[in-house]
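This report refers to the structure that appears directly beneath it.
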Amino acid sequence: MSSARATVSKILSYSCVDGPGNRLVIFLQGCNFNCTACHNPHTIGQCNHCGDCIPACHALALSLVNGKILFDPLACDSCDDCTEMCPISANPMVQQYGVAEILQLLRKHRPFLSGITVSGGEPTRQIKFVFELFQAVKADEELAGLSCFIDSNGYLGAANWERLLPVTDGVMLDIKAFDESVHEELTGKRNLRSLESARILHAAGKLYELRFLLVPGVTDSEEELNQLIEFVGTLGGDVRIRLNAFQHHGVRGKALDWEKMPEAGVEVAAERLRAAGLGNVITPVVYV
Amino acid sequence: MDEITRKLHSIATDKTLSPAQKAHYLSLEAENMLPYPGLDAETQEALDERVICDLYEGHAPYKPRYVLPDYSIVLKNGSEYLELPVPESLDEAINTLMIAYHHVPSVTGMPVYIGQLDDLLLPFCEGVSDEDLYNKIKLFWRYLDRTLPDAFMHANIGPTDNRVARTILRVDAELKQTAPNLTFFYDPEVSTDQILGIATNNIVECSKPHIANHPIHADTFDERGYGIVSCYNALPLAGGASTLTRLNLKEVALRSTSEADFFGKLLPHYVELNFRLAEQRIAFLFNESNFFSSFLIEEGWIEQDRFTAMYGVFAMAEAVNALQEKEGRAGQYGFDEVANALGHRISKVLAEAVEQRPMENVWRGHAMLHSQAGLSIDEGATPGVRIPYGTEPDPVMHVQALAPHHQYYTSGISEILTLDETIKNNPEAMLQLCRGAFSCGFREFTVNVASNDLVRVTGFMIRLSDIEKYKKEQGSRTNTTVLGAEASDIANILERKPRVMSHELRPGYGQ
Chain L
1 MSSARATVSK
11 ILSYSCVDGP
21 GNRLVIFLQG
31 CNFNCTACHN
41 PHTIGQCNHC
51 GDCIPACHAL
61 ALSLVNGKIL
71 FDPLACDSCD
81 DCTEMCPISA
91 NPMVQQYGVA
101 EILQLLRKHR
111 PFLSGITVSG
121 GEPTRQIKFV
131 FELFQAVKAD
141 EELAGLSCFI
151 DSNGYLGAAN
161 WERLLPVTDG
171 VMLDIKAFDE
181 SVHEELTGKR
191 NLRSLESARI
201 LHAAGKLYEL
211 RFLLVPGVTD
221 SEEELNQLIE
231 FVGTLGGDVR
241 IRLNAFQHHG
251 VRGKALDWEK
261 MPEAGVEVAA
271 ERLRAAGLGN
281 VITPVVYV
Chain B
289 MDEITRKLHS
299 IATDKTLSPA
309 QKAHYLSLEA
319 ENMLPYPGLD
329 AETQEALDER
339 VICDLYEGHA
349 PYKPRYVLPD
359 YSIVLKNGSE
369 YLELPVPESL
379 DEAINTLMIA
389 YHHVPSVTGM
399 PVYIGQLDDL
409 LLPFCEGVSD
419 EDLYNKIKLF
429 WRYLDRTLPD
439 AFMHANIGPT
449 DNRVARTILR
459 VDAELKQTAP
469 NLTFFYDPEV
479 STDQILGIAT
489 NNIVECSKPH
499 IANHPIHADT
509 FDERGYGIVS
519 CYNALPLAGG
529 ASTLTRLNLK
539 EVALRSTSEA
549 DFFGKLLPHY
559 VELNFRLAEQ
569 RIAFLFNESN
579 FFSSFLIEEG
589 WIEQDRFTAM
599 YGVFAMAEAV
609 NALQEKEGRA
619 GQYGFDEVAN
629 ALGHRISKVL
639 AEAVEQRPME
649 NVWRGHAMLH
659 SQAGLSIDEG
669 ATPGVRIPYG
679 TEPDPVMHVQ
689 ALAPHHQYYT
699 SGISEILTLD
709 ETIKNNPEAM
719 LQLCRGAFSC
729 GFREFTVNVA
739 SNDLVRVTGF
749 MIRLSDIEKY
759 KKEQGSRTNT
769 TVLGAEASDI
779 ANILERKPRV
789 MSHELRPGYG
799 Q
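Listed in order, the protein sequences are those of chains L and B. Its first residue numbered 1, the first sequence is counted upward by one per residue in the working numbering. Its first residue numbered 289, the second sequence is counted upward by one per residue in the working numbering.
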C-alpha cells in the first residue's frame, strides 16, 4: 500500500465546477505561484507554526503544542477567521490524509460521483500523493470507473507530467496571461512552463479545459485575446476554453482595488474567440 | 355582522381573488358550517391542539382527497354518461381527456392527476408527424395551464423512451408553465440514458420534471399500477386516497419527558388518535356522502376498494432536535449520526404502526405512511422528514442523511435538493446525483435550480414573478400562487439557502 500523505486544505463531496459531472474535490495546500488575484489565497502558503492565528479562533479550535499548531476539527465551526489572520497565506486547519483514507471517502460517496479532482493550491506540488492516489483508484475494482482530474497552473515539468499522465484522465489548466511580464506580475512566475504544459497535455489528449482569467484592463486586452487565439491555433484541434471572470469573492490585498470583470465584457471576449473559430468557449453562469 | 358573515363578506369582496377562486373559498366556508364527523373527546382535543391535523380538508368529506382515474377506460370505451364516442384520432383522444379532467374531483376542486400521458396517447400517434405532435402537445399544455391553473395537477410519463414523452419534455422546457406538474418514471432497466439526460436538462431549465424511482414504486403497488400526483404522492391507479391526516411529530416530542416517554407512551397514543381521525372522515365519505355512486365508478374509471388512507407525518427535524435536547445530546438532525439514527428509528416505528393497524374501507386494509410536505401556514415545523430550510448540508450529505427514511414512506416522501445555478454548465452532475440518490433508496428525486423563476414552494410549482405580482394586489391566475405567497411570508422559504419545501392545500380563506 502507498505511503504518501497529503496536506489537505479541504475536501468537498459535491462539486459541479471542477470537471465533468459531480466530483469529489481535494484541495491540496501550497502553491508555487503567488497570484495577486487568487480567490482562495489561504491555500498558497505552508504553516510555519507562528501561532498568530490562535487569538483569531473564537471556537478555541487552535492551540500551540510543542511548538506546533494543533487543530481540533470537532471544535471548529468553519468561520475561517484564522486564515484571515495568517501573515503567510497559509491555513492552520490543514489535515494530513493518506491514500487509504481518501479511498474510503470515495467508496462512501461512490454512487454520487463521476470522478475525483485534485485542486489547490497547486496539487502537482504533492505529485507523489496524487500519483499514488490515482494509481490506487484505477486499480480498485469499485472505484476504477471514476475519472481522475487535476486542476493545475501548469508549472510542472515535462518529466513529471510523463509520470502522472498514465493515471490521469484530464487536466484543467490555467493560463494566467500570455504576455510574459503581465504573467510575472500576476503570478510571480514566468509563463513558459505553463504554455509548455498545455502543449504536452493537448498532445497527450488530456487537456480537458484551458482556463483563462479575465481581469479588466489586465488580461482582457486585444493583445491577450489575440495571443490566446493564436496559441490555441498552434495546439491544433478542438480545445475547450473556459473564460473565468475576476471577482472579489475570497480575494485579498491590492486585487480588491481592481475592478470586477463584468458579464458584458466576458461575453464580448467570448464572441471574439468564437468569431476566430474557437468553437467550445464556456462562460460563467454566476457573477458575484 | 357576526364573525362568519364578516368572513364571507371579505371573501366576496377580496381584491386579489378571481370569481372562481371566491366561489371555491365560499363553498369551503359553507361546508365548514356543517358539524364535523363525530370524534371522541381525546381525538377532538388532539385535533384542537393541532398535534394531529386534517389539513383543513373540510368538515364533510364528500369527495376523496386525491382521485387517480384510469383514463385508458374512457379512451377505450368512450363515456355513456358524458356522451363521448370512442376516440379514434390523436385530436379526439386529447379532446376526450380535456373533457374528462373537468369531471374528476379532488380536495382542490381540480384534478390532481391527468394520467400517464405517453401510455395514453401513444396508440393514437401512428401516422402523426413529429411537427404535428409537437403542435398538438403545445396547445394541450397551454390549455391545461390556463383552464386548470393549479400546480398540484400532475402529469406522469416514462419509464420508456418514446415520442410522446420526449415531446412533452420539449414543450414543458419551452413553455415553463406552473401547470401541469410533471413526473418522469425512471427505471434503469427500461429508460434510456438519453431520456434521463433530457429530463435532467429540463430540471436545469425549469426545475421540472421530478423523477420517480419506478422499480421501488412498482414493487409497492400492484399490477394495476400507480400514479404520482399533487406533491409527490404515490397512490394506486384507478383509485387514490380518501383522506390525508397528519401527525405533528414536534408537538408529540415537546409533550414527552424523554426519549423513552416518547417511544413508550406519547407517540403510540397520538399515532392512534390520528388513525381515529382518518377513520371518521373515511366513514363519512363511504357511508354518507354518496360519492361512490358516481359514473366514475359505474364506468370503471375508479374502483371503490382502491382508495388508501394517507398517514402523514411532519416536523421530524424539530422532533428529533427536541428529543436530543431532552437527552442532553447536542447533535442536530441532518448533520449528526446519532440524531439521524433517532429520526430513522421514529420512521421505522411509524411504518410498523401503520402496517399493523387495520382500517376499514381502505385499500389493502391499512393506511400508507406519508412524509407530509407542509401547509403554507405551518410555522416552526419543517415539512415531512426534511432538514430545515437554509441549514441543509451539501446535496450528497443531504441525500445520505435522509435516504434511510425512504423505505418507510410508501405513499410518498419528497426531499427537494436545491442546487446553485453553476449546475447549468454541468448537467451531468445532476444526472450523477440522481443516480446516486436512487442507488441509496430514494423514492423520488426533486431539484430546484436556484435562479429559476419556476420553483417549488411547499412542493408545488410557483413563479417567483407571480408572487411579486400577487403581493402588489394584482391577483394571480393560478391558485397556488396564493399558497406560495403565504408560505414565503411565514416560513421564510424564499430566504432559504438555495431552497425549497413542499405541499398541498391552502386550508381556507385567511387561515
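Ideal Cβ placement from N, Cα and C applies to all residues, glycine included.
Taking the C-alpha atoms as reference points, what is the distance between residue i and residue j?
i        : j        : result
Asn320/B : Asp336/B : 15 Å
Val673/B : Glu703/B : 8 Å
Leu565/B : Ala571/B : 10 Å
Cys38/L  : Gly250/L : 8 Å
Val737/B : Asn562/B : 36 Å
Gly233/L : Gly115/L : 30 Å
Lys68/L  : His49/L  : 5 Å
Phe33/L  : Ala245/L : 19 Å
Asp290/B : Thr301/B : 16 Å
Cys47/L  : Cys86/L  : 9 Å
His109/L : Gln592/B : 45 Å
Gly747/B : Asp52/L  : Summary for Gly747/B: the model assigns pLDDT 48, below 50, so the residue's position carries little reliability; its value from the coordinates is reported in the next sentence. Those two C-alpha atoms are separated by around 49 Å.
Arg645/B : Ile665/B : 30 Å
Cys57/L  : Cys82/L  : 6 Å
Ile711/B : Gly485/B : 14 Å
Ile54/L  : Ala203/L : 48 Å
Ala467/B : Gly120/L : 45 Å
Glu643/B : His297/B : 46 Å
Gln126/L : Ala6/L   : 7 Å
Ser197/L : Asp80/L  : 33 Å
Glu263/L : His248/L : 14 Å
Phe71/L  : Val8/L   : 13 Å
Check whether chain L comes within 8 Å of residue i, counting only Cβ atoms and requiring the distance to be less than that.
i        : result
Asp682/B : yes
Met398/B : no
Met321/B : no
Met386/B : no
Met647/B : no
Met604/B : no
Met685/B : yes
Return helix, strand or coil for residue i, following the three-state DSSP convention.
i        : result
Ile778/B : Annotation note: pLDDT 48 at Ile778/B (below 50); position unreliable, coordinate value reported separately. Ile778/B: helix per DSSP, three-state reduction.
Lys82/L  : The identity of residue 82/L in the sequence shown is Cys, whereas the question assumes Lys. It is helical.
Leu70/L  : strand
Met718/B : helix
Leu523/B : strand
Ile11/L  : strand
Phe33/L  : coil
Gly170/L : strand
Val182/L : helix
Ser291/L : An answer regarding residue 291/L cannot be provided, because it is not within the stretch 1 to 288 covered by chain L.
Cys341/B : strand
Asn365/B : helix
So, does the CB of residue i fall closer than 8 Å to a CB anywhere in chain B?
i        : result
Phe71/L  : no
Gly45/L  : no
Tyr155/L : no
Val286/L : yes
Val17/L  : yes
Tyr14/L  : yes
Ile282/L : yes
Just to confirm my understanding: we take residue i, look at its own chain, exclude 5 residues before and 5 after, and list those with CB closer than 7 Å. What are they?
i        : result
Arg353/B : Glu345, Ser394, Val395, Ala529, Ser530, Thr531 and Leu532
Gly397/B : His312
Ser518/B : Tyr354, Val400, Phe440, His442 and Glu792
Thr283/L : Leu243, Val266, Glu267 and Ala270
Thr168/L : Phe134, Cys148, Ile150 and Lys206
Leu554/B : Val540, Arg543 and Ser544
Under 6 Å Cβ to Cβ from residue i, same chain only, skipping five residues before and after it: list those, please.
i        : result
Thr331/B : Leu561, Arg564 and Leu565
Here's a check: name, in chain order, each residue in its chain whose Cβ is nearer than 8 Å to the Cβ of residue i, leaving out the five neighbours to either side.
i        : result
Ala159/L : none
**OP:** Select from the region 708-719 of chain B all residues with a C-beta closer than 8 Å to any C-beta belonging to chain L, and list them in chain order.
**Re:** Asp708, Glu709, Thr710, Ile711, Lys712, Asn713, Asn714, Glu716, Ala717, Met718 and Leu719
Original post:
Closer than 7 Å, Cβ to any Cβ of chain L: which residues of the region 719-731 of chain B, in chain order?
Top reply: Hits within the stretch, in order: Gln720, Leu721, Arg723, Gly724, Ser727 and Cys728.
Original post:
Between the region 92-113 of chain L and chain B, which residues of the former have a C-beta closer than 9 Å to a C-beta of the latter?
Top reply: Lys108, His109, Arg110, Pro111, Phe112 and Leu113
Original post:
Which residues, in chain order, does the region 19-53 of chain L contribute to contact with chain B at a C-beta distance below 7 Å?
Top reply: Pro20, Gly21 and Asn22
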